[in-house]
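Report on the following structure.
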Amino acid sequence: MDVLQTLLLGLVAGAIATVLFTAVEYAEMAVTRRPTSLVPGKVFVAMTGGNPQTDTERARKWNLPTHLMHGTGLGLVFAALSLLDLSATLTTVLFYVVLLGGDWLLYSALGVTKPAEWSGADWAREVGLKAVFAFLLGIAFYTLIELF
Numbered sequence: 003m004d005v006l007q008t009l010l011l012g013l014v015a016g017a018i019a020t021v022l023f024t025a026v027e028y029a030e031m032a033v034t035r036r037p038t039s040l041v042p043g044k045v046f047v048a049m050t051g052g053n054p055q056t057d058t059e060r061a062r063k064w065n066l067p068t069h070l071m072h073g074t075g076l077g078l079v080f081a082a083l084s085l086l087d088l089s090a091t092l093t094t095v096l097f098y099v100v101l102l103g104g105d106w107l108l109y110s111a112l113g114v115t116k117p118a119e120w121s122g123a124d125w126a127r128e129v130g131l132k133a134v135f136a137f138l139l140g141i142a143f144y145t146l147i148e149l150f
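3 is the number of the first residue of the sequence shown in our numbering; add one for each residue after it.
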């Protein structure tokens with residue numbers, strides 16, 4: 003399989019994993035009674051020149067579309083890492099580390115949230131949910147690779 007095909011499958015896998023992950027996240031929110039996170043929407047607001055702390059209406063409007071685009075785009079990152087020809091497990095673990103670090107740097111740099119100030123429960127949820135996403139993306143990607 004060539005690089006372009008691999009990257010395209012990464013996009014498809016990213017979309018699949020994001021839809022599945024979103025269902026898991028909504029289930030988690032229903033069980034824990036946690037409100038919807040506006041972090042994706044706040045990232046959008048910050049990246050388009052707004053203030054992520056005060057422009058909550060725009061953050062709400064763009065939250066789900068940004069979440070879906072971000073997750074789908076992360077499929078490209080996963081696919082690019084797969085080109086290193088590591089095992090599926092190692093690629094997934096490497097992606098997980100890149101995902102955690104990349105998101106935390108992005109959130110901090112844009113002034114969206116400060117991971118250093120999160121509670122233990124926030125950290126546990128963040129680390130756990132990102133692990134679920136990495137796992138779902140790995141399964142989706144390598145299933146597509148086998149199919150195509």
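For glycine and all other residues, C-beta sits at the position ideal for the given N, C-alpha and C.
Whole-angstrom distance between residue j and residue i, CA atom to CA atom
{"i": "Val1", "j": "Gly43", "result": "The displayed coordinates of the chain run from 3 to 150. Any statement about residue 1 would go beyond what the structure contains."}
{"i": "Val134", "j": "Thr58", "result": "27 Å"}
{"i": "Leu86", "j": "Trp106", "result": "24 Å"}
{"i": "Met31", "j": "Leu102", "result": "20 Å"}
{"i": "Ser89", "j": "Leu96", "result": "10 Å"}
{"i": "Glu130", "j": "Asp124", "result": "Here the sequence assigns Gly to residue 130, which means Glu is not the residue at that position. Their Cα atoms are separated by approximately 10 Å."}
{"i": "Thr94", "j": "Glu148", "result": "16 Å"}
{"i": "Leu9", "j": "Thr68", "result": "20 Å"}
Classification of residue i by the beta-carbon crowding that lies within 10 angstroms, buried from 16 upward
{"i": "Tyr28", "result": "exposed"}
{"i": "Gly77", "result": "buried"}
{"i": "Ala118", "result": "exposed"}
Neighbourhood of residue i by C-beta distance below 6 Å, restricted to the same chain and skipping five residues each side
{"i": "Ala142", "result": "Ala15, Ile18, Ala19"}
Does the region 58–74 come close enough to the region 30–37 that 3 or more CB-CB pairs lie under 8 Å? As far as the Cβ criterion goes, the region 30–37 does not touch the region 58–74, which means the pair count is below three.
Contact between the region 18–34 and the region 70–79 is defined here as three or more beta-carbon pairs at a separation below 8 Å; is this criterion met? Yes: at least three Cβ pairs fall under 8 Å.
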